[in-house]
Structures are given as structure tokens and as C-alpha cells.
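A.B. asks: Residue numbers (the working numbering): 2 to 180. Built from N, CA and C at the ideal position, the CB exists for glycine as well. Values in this document were obtained by computation on a predicted structure and should not be read as measured data. Take this structure, written in C-alpha cells, and hold onto it; I'll ask about it next.
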Amino acid sequence: FAATDRASSDSNGASDRLIAANDTNPTVGDYDVQLTVAAINGTDADNTAFMVARWTDTSNSYSAGTYSGGAATDKKIVKKVAGVVTELATADTGIAVGDVLLLEVRASGANRLRLLKNGAEQITSGDTEITAIGRAGFGFGNLWVSTDDVTSNTAVDDYRVTEQGVAATPQRTLMGVGR
2 FAATDRASSD
12 SNGASDRLIA
22 ANDTNPTVGD
32 YDVQLTVAAI
42 NGTDADNTAF
52 MVARWTDTSN
62 SYSAGTYSGG
72 AATDKKIVKK
82 VAGVVTELAT
92 ADTGIAVGDV
102 LLLEVRASGA
112 NRLRLLKNGA
122 EQITSGDTEI
132 TAIGRAGFGF
142 GNLWVSTDDV
152 TSNTAVDDYR
162 VTEQGVAATP
172 QRTLMGVGR
């Protein structure tokens, strides 16, 4: 996934979801998932772009990301266990094209999940329920709320997963964008 590549939602459907995951799973419990907002639908309050971590299947994962500019609380960290969605942290910090979002995932510590925007901490959670390393990825649409949408006006760029404490280059392979 090169710096010039872009992943975008290609649906105008209500209540759709697109999730793309690395073809290589993280091998350690501490990793970062990062993306750059390349386009965002700034008027609809139910369009999302998010990162997923510790994703074992569509019913179990952590995720963090942003709603478009029309949402009252645009940043979220969310846990989904056995299909039940729980908001762990929310904030309204705004979003703009070019913003870099980073989800830090740590196996231990008080702030096991941190969402940063352009290097500044936005929200955190100390939740410990999901312990599997799982997969990492990003997506658009209804992972958090069943009526959230995917629109063609939302896109991300420069997606990467970086394992912490491992002497390796960031994993930058993209697979399977689709609904």
C-alpha cells in the first residue's frame, strides 16, 4: 500500500460496512494502526472512518476513529464483544482532510487504547476484555451503529500497522476492500 494509494468507500448505501485487514496479522500485543483522512463527508453525521485492532471476527474487536464533521461527538473508541457494541470513550475534536489518526494498542498499562489525531491524544481507554492479538485494519460504515453509512465522499490514505518492540518495517499490505 504505497503512499500514493488511496482506499475509499465505493457505496452510497445506507447501513453498509467495508472493512479491510492486513494479510499479515500482528505478531505482538503492542501495535499501532494509522491512517490519514484523504476525504470526509462533512455534512452527514452518520459517516465513519475507523481503524480496527484485536479483530478476531466481525463480532469481536476494538475500533477507534471518526465520524464526519456533522456529528456531535466525532471521535470514538469502541469495543465489540459477542456482537455487543460498547462505547469506551468519546470526544468532539473535529476532523479535516489531512488529519492523521493513530490507534495505539497496548497489552498492558492504564491506557491500553489511545486515539491520537496529528500526534495529540484525543481519547483513551483502559479496557482489558479483548486479549487476543487478532488482526488490524480499517473500515467505513456501520461497525458502531447499525444505521451508520458508507458514502463515496470518505477516503483514507497512508494506512499502516506498526508493531512496537519489534525490529521490522511497518506492515503496509492491504487486502479485501469490499462489502
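What separation, rounded to the nearest whole angstrom, lies between the Cα atoms of D158 and T129?
C.D. replies: Answer to the nearest angstrom: the Cα atoms are 30 Å apart.
A.B. asks: Which of the three DSSP states is assigned to T87 in this structure?
C.D. replies: Looking at T87 - three-state DSSP - the assignment turns out to be strand.
A.B. asks: Answer with buried or exposed for N119, where buried requires no fewer than 16 other C-beta atoms within 10 angstroms of its C-beta.
C.D. replies: Counting Cβ neighbours within 10 Å, N119 comes out exposed, since fewer than 16 surround it.
A.B. asks: When you compare each of T155, T87, V98 and K81 to N42 by their alpha carbons, which one comes out closest?
C.D. replies: Comparing Cα-Cα distances from N42 to each of T155, T87, V98 and K81, the minimum goes to T155.
A.B. asks: Since I131 and K80 should fall inside the 8 Å C-beta cutoff, what is the C-beta to C-beta distance between them, to a whole number of angstroms?
C.D. replies: With 8 Å as the limit, I131 and K80 qualify as a contact, their Cβ atoms being about 7 Å apart.
A.B. asks: State the CB to CB distance for the pair A54 and Y68, rounded to an integer number of angstroms; the pair is presumed to be in contact (CB under 8 Å).
C.D. replies: With 8 Å as the limit, A54 and Y68 do not qualify as a contact, their Cβ atoms being about 19 Å apart.
A.B. asks: Assuming A83 contacts N61 under a Cβ cut-off of 8 Å, what Cβ separation, rounded to an integer in Å, is found between them?
C.D. replies: Between N61 and A83 the Cβ distance is about 7 Å, and since that is below 8 Å, they are a contact.
A.B. asks: Can you look up F51 in the DSSP assignment and give me helix, strand or coil?
C.D. replies: Correct three-state label for F51: strand.
A.B. asks: Got a sec? Which residues, its chain only, sit under 7 Å from G110 by beta carbon, not counting five neighbours each side?
C.D. replies: There are no such residues.
A.B. asks: Do you know how far the Cα of D93 is from the Cα of E105?
C.D. replies: Taking the straight line joining both Cα atoms gives about 19 Å.
A.B. asks: Using a 10 Å radius around the Cβ and a threshold of 16 neighbouring Cβ atoms, would you call G99 buried or exposed?
C.D. replies: Exposed, since its Cβ has fewer than 16 Cβ neighbours within 10 Å.
A.B. asks: Taking the Cβ atom as the reference point for each residue, do A22 and G142 lie within a distance shorter than 7 Å?
C.D. replies: The answer is no: Cβ separation not under 7 Å.
A.B. asks: Is V167 buried or exposed, if buried means 16 or more other CB atoms sit within 10 Å of its CB?
C.D. replies: It is exposed - the Cβ of V167 has fewer than 16 other Cβ atoms within 10 Å.
A.B. asks: Spatial neighbours of L103 within its chain, please: C-beta separation below 6 Å, excluding the five flanking residues on both sides.
C.D. replies: Only D33, Q35 and L117 meet the Cβ criterion.
A.B. asks: Could you work out which residue in A108, N26, Q123 and T28 is closest to A65 when comparing CA atoms only?
C.D. replies: Taking only the C-alpha atoms, the option nearest A65 is Q123.
A.B. asks: Counting C-beta neighbours from all protein chains within 10 Å, is the total for E88 16 or more, i.e. buried, or is it exposed?
C.D. replies: The residue is exposed, with fewer than 16 neighbouring Cβ atoms inside 10 Å.
A.B. asks: Should D31 and R107 be called a contact, given that it needs their Cβ atoms to be closer than 7 Å?
C.D. replies: Cβ distance < 7 Å, so D31 and R107 count as in contact.
A.B. asks: What does the alpha-carbon distance come out to for the pair G140 and Y160?
C.D. replies: Using only the alpha carbons, I get a separation of about 11 Å.
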